[in-house]
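There are 2 protein chains.
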Amino acid sequence: MDKKPSLRSIAQQAGVSTTLVSYVLNGKMQNRIKPEVARRVREIAERQNYSPNQIARSLKTNKTFTIGLIVADISNPFSSEMARIIEDRADLAGYTVIYGSCDERPEKFQKLIDVFLDRRVDGLIIIACDGVLPQIQYLLSRDIPFVLVDRYFPEVASNYVALDNFQASYMGANHLLDHGHNRIGMITLDTELFHMRERTRGFVTALSEFDPNPEQSIVRLKDGFCPQDIEQAFDVLLKRELPVSAVYLTTNKLGMQALKYIHSRKIKVPQELAVVSFDETEFLDLFATPVTQIKQPLQEMGEHAVRILVESMGGSSSFTQVNLQPLLAVRGSSIMTGTIGVI
Amino acid sequence: MDKKPSLRSIAQQAGVSTTLVSYVLNGKMQNRIKPEVARRVREIAERQNYSPNQIARSLKTNKTFTIGLIVADISNPFSSEMARIIEDRADLAGYTVIYGSCDERPEKFQKLIDVFLDRRVDGLIIIACDGVLPQIQYLLSRDIPFVLVDRYFPEVASNYVALDNFQASYMGANHLLDHGHNRIGMITLDTELFHMRERTRGFVTALSEFDPNPEQSIVRLKDGFCPQDIEQAFDVLLKRELPVSAVYLTTNKLGMQALKYIHSRKIKVPQELAVVSFDETEFLDLFATPVTQIKQPLQEMGEHAVRILVESMGGSSSFTQVNLQPLLAVRGSSIMTGTIGVI
DNA sequence: GTGAAAGCGCTAACAT
DNA sequence: ATGTTAGCGCTTTCAC
């Protein structure tokens, strides 16, 4: 690797001081520098193919123009799509993204926080997982700018961008109720995360008018569930005195796996079982009967996240909290006839 | 943000020099340092919750322990899955990944290279796109360690990890030939990239025994093709004197979109049309008839890539080139009866 | 208008 | 066994 050009190498060749070169190349002190000199410096920098050493600059300025992104599970399309959007917007704002997936494990989360802070990121965008409240509080205590995306902790004041998950579930359940289903099952994850609790609450609230005991129709699976777990869940909902006529899946992975199961058992959708799934994924459009989905406005969420973080890194001391509304994309899986479209 | 602890703050509190603290915390000069002092230093570091400033360390050592990852198109599951694997393996090797997607555009690629080099990454892992040969040559001339993944330039000597794409297509086409198809269409991308040329060559080679003019059955679409393009492609293949009885899709996106089309037209698979697609994606398992796929060993590719890069960053001067063999996962879309399984 | 010099936090060659 | 010192490449204050 040949020696990289530096301020010094340019200064030497131009016969000026590094200070001057720094000023010229950063466009500072424009009014005081002889245009003739400025031109010469720029030309030499160009010829040497100079680009500043960001490491040195960072050490001096205490700014790295780097954002750390922690996602809960990169193998989830929600995360990878969000990562793409965030990288894009960060780039526009002049930031580079370093990222990692905590795989829903607090220890890995902690490790990523440590690595990112050692690298002096200017701020963090976080899709949190169960059990990371202490780390979040640590970040707050250290005054490190961050934004939570999708998942947040209502008991903690912080920046966040999230969906109105209660409303989302409420809307999904009501959609099924409106179409004549009143025995509706829900398969969800066994987690303490607030956004999932809200999804449950929305479902329960919608159903409680018709169903004295909606809890009976909720099956909770551990994250990392396997096909057998899905099968058992369906057994609970379908093999009882009053089987459900519709099922609501609260995450895209649950939706995927449930549909695979339904497909393998040749259960007719929506005739024998109506289906609504949370999250948007191209997958769900591919089944013989495309699946009605509750969509999150990903692009918007990512844009907000970066914008809020940039403001926060700029010194804004107040917290910004954004709650976005979901979209219900009605497909064939939840209605027997009639219009199909997006509400 | 409260003052971060530094070597100096520890040194002061311990009443020793920063050098000593540095040695202790880096486990150097173990034999020469009084254990008693070492213990004290460690304890104080612990109490101050010290963690070293990697920026400063990097400036000094000229090592950032950062890898730049450039993917061609992050919205492609191939890229995002690969990114996950690489991040994972890099982490094991003590490296952090910064990443960006060039969205198949050389200008964006150039920009990412610049950003990553300014940040002094120790090396790069690259899923290249059309038209970046000059940048690759620039990296070579600068002696910057990098590994090409999936796509490489045969006319340039460099590290790479790739699939044997010729063999993959050859195998896919032969599979269809073996099952009684001899009018086989191929829909592919219009690109100069070597790996795609190889996919074409494998197809043509396999077919040429049976088909005097296999080129007639190849349709090339521009990257970023739309549903209409897919429709036209199928028109070419299906609406002619001798329509094809099977179609081979050379990328996962083409596979996806083609299947969507086939599905919408209610074309029966495999009775009316047999289908084989390149790349593995869960999508393709979801159709009424799951789709036969040519699988790339992603995990292995990612592992090789990181390993080769680490070796290369360690100073190895020779190039390592890895060609991996594909796997044909036979599903219902390509055979009328008989065994279904993975060859 | 321009330059000298200090210093960001760390490492390492060179004292002692 | 430990400390002194120089310096990585840059920014910025202060002096001329």
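Line order of the protein sequences matches chains A and B.
In terms of my numbering, the first sequence is residues 418 to 760.
In terms of my numbering, the second sequence is residues 418 to 760.
Yeah, the Cβ is synthetic: ideal placement off N, Cα and C, and Gly gets one too.
Could you give the distance in angstroms between the alpha-carbon of residue i and the alpha-carbon of residue j?
i	j	result
Val661 (chain B)	Leu690 (chain B)	8 Å
Pro687 (chain B)	Ile752 (chain B)	7 Å
Pro613 (chain B)	Phe563 (chain B)	Looking at the sequence itself, residue 613 (chain B) is Met, so the reference to Pro does not match. Near 22 Å, if we compare the C-alpha coordinates of Phe563 (chain B) and Met613 (chain B).
Lys712 (chain B)	Leu745 (chain B)	6 Å
Ile679 (chain B)	Met499 (chain B)	29 Å
Ile542 (chain B)	Val723 (chain B)	8 Å
Met588 (chain A)	Gly548 (chain A)	29 Å
Asn582 (chain B)	Gly641 (chain B)	22 Å
Phe704 (chain A)	Ser735 (chain A)	46 Å
Ile491 (chain B)	Ser497 (chain B)	6 Å
Leu424 (chain B)	Asn443 (chain B)	12 Å
Leu437 (chain A)	Arg501 (chain B)	44 Å
Leu762 (chain A)	Ala579 (chain A)	Here chain A comprises residues numbered 418 to 760, so residue 762 (chain A) is not present and cannot be evaluated.
Ala663 (chain A)	Pro631 (chain A)	13 Å
Gln716 (chain A)	Leu741 (chain A)	11 Å
Ala431 (chain A)	Pro452 (chain A)	14 Å
Tyr555 (chain A)	Met446 (chain B)	34 Å
Tyr577 (chain B)	Val566 (chain B)	6 Å
Asn470 (chain A)	Ala428 (chain A)	15 Å
Glu521 (chain B)	Phe651 (chain B)	25 Å
Cys643 (chain A)	Lys670 (chain A)	11 Å
Leu654 (chain A)	Val747 (chain A)	23 Å
Lys420 (chain A)	Asp535 (chain A)	27 Å
Thr737 (chain B)	Lys528 (chain B)	26 Å
His596 (chain A)	Gln674 (chain B)	31 Å
Pro629 (chain A)	Gly619 (chain A)	15 Å
I believe residue i touches residue j by the beta-carbon criterion, under 8 Å. Please report the beta-carbon distance rounded to the nearest angstrom.
i	j	result
Gly749 (chain B)	Pro707 (chain B)	6 Å
Leu638 (chain A)	Leu606 (chain A)	6 Å
Val514 (chain A)	Leu486 (chain A)	5 Å
Pro422 (chain A)	Tyr467 (chain A)	4 Å
Ile472 (chain B)	Thr481 (chain A)	7 Å
Phe695 (chain B)	Gly672 (chain B)	7 Å
Thr667 (chain A)	Met718 (chain A)	At roughly 18 Å, the Cβ-Cβ gap does not stay under 8 Å, so Thr667 (chain A) and Met718 (chain A) are not in contact.
Leu476 (chain B)	Leu701 (chain A)	That pair is no contact at about 49 Å.
Ile450 (chain A)	Gly540 (chain A)	About 34 Å separates the two Cβ atoms, so there is no contact after all.
Gly517 (chain A)	Glu504 (chain B)	6 Å
Leu659 (chain B)	Arg600 (chain B)	6 Å
So, does the CB of residue i fall closer than 8 Å to a CB anywhere in chain B?
i	result
Lys566 (chain A)	Looking at the sequence itself, residue 566 (chain A) is Val, so the reference to Lys does not match. It does not; no Cβ of chain B falls within 8 Å.
Gly517 (chain A)	yes
Val532 (chain A)	yes
Ser575 (chain A)	no
Ser750 (chain A)	no
Thr481 (chain A)	yes
Arg536 (chain A)	yes
Glu697 (chain A)	no
Ser497 (chain A)	yes
Leu741 (chain A)	no
Glu504 (chain A)	yes
Thr513 (chain A)	yes
Met418 (chain A)	Per-residue confidence for Met418 (chain A) stands at a pLDDT of 46, beneath the threshold of 50, marking its modelled position as unreliable; no derived number is given.
Would you verify that the beta carbon of residue i is, or is not, closer than 8 Å to some beta carbon of chain A?
i	result
Ser492 (chain B)	yes
Glu524 (chain B)	no
Gly634 (chain B)	Rather than Gly, the amino acid found at residue 634 (chain B) in this sequence is Ser. False, the Cβ-Cβ gap to chain A never drops below 8 Å.
Phe700 (chain B)	yes
Ala705 (chain B)	yes
Ile757 (chain B)	The predicted position of Ile757 (chain B) is uncertain, since its pLDDT is 46 and thus under 50; a value taken from the coordinates is nonetheless stated next. Judged by the 8 Å Cβ criterion, Ile757 (chain B) is not in contact with chain A.
Arg501 (chain B)	yes
Subject >> Length-filtered (3 minimum) beta strand (DSSP E) runs lying within the stretch 707 to 737 of chain A >> reply: 709 to 712
**OP:** Note down, in chain order, all residues in the stretch 446 to 477 of chain B with a beta-carbon under 8 Å from any beta-carbon belonging to chain A.
**Re:** Ser468, Pro469, Asn470, Gln471, Ile472, Ala473, Ser475 and Leu476
Subject >> Residues from the stretch 713 to 736 of chain B in contact with chain A, defined by Cβ distance under 9 Å >> reply: none
Original post:
What runs of the alpha helix (DSSP H), each 4 residues or longer, lie entirely inside the stretch 506 to 582 of chain B?
Top reply: 523 to 535 and 550 to 558
Subject >> Length at least 4, wholly inside the stretch 634 to 659 of chain A: the alpha helix (DSSP H) runs in chain order >> reply: 644 to 655
Original post:
Which runs of the beta strand (DSSP E) spanning at least 3 residues fall entirely within the stretch 426 to 492 of chain A, listed in chain order?
Top reply: 483 to 488
**OP:** Identify every run of the beta strand (DSSP E) within the stretch 662 to 687 of chain A, keeping only runs that are complete inside it and at least 3 residues long; order them along the chain.
**Re:** 663 to 666
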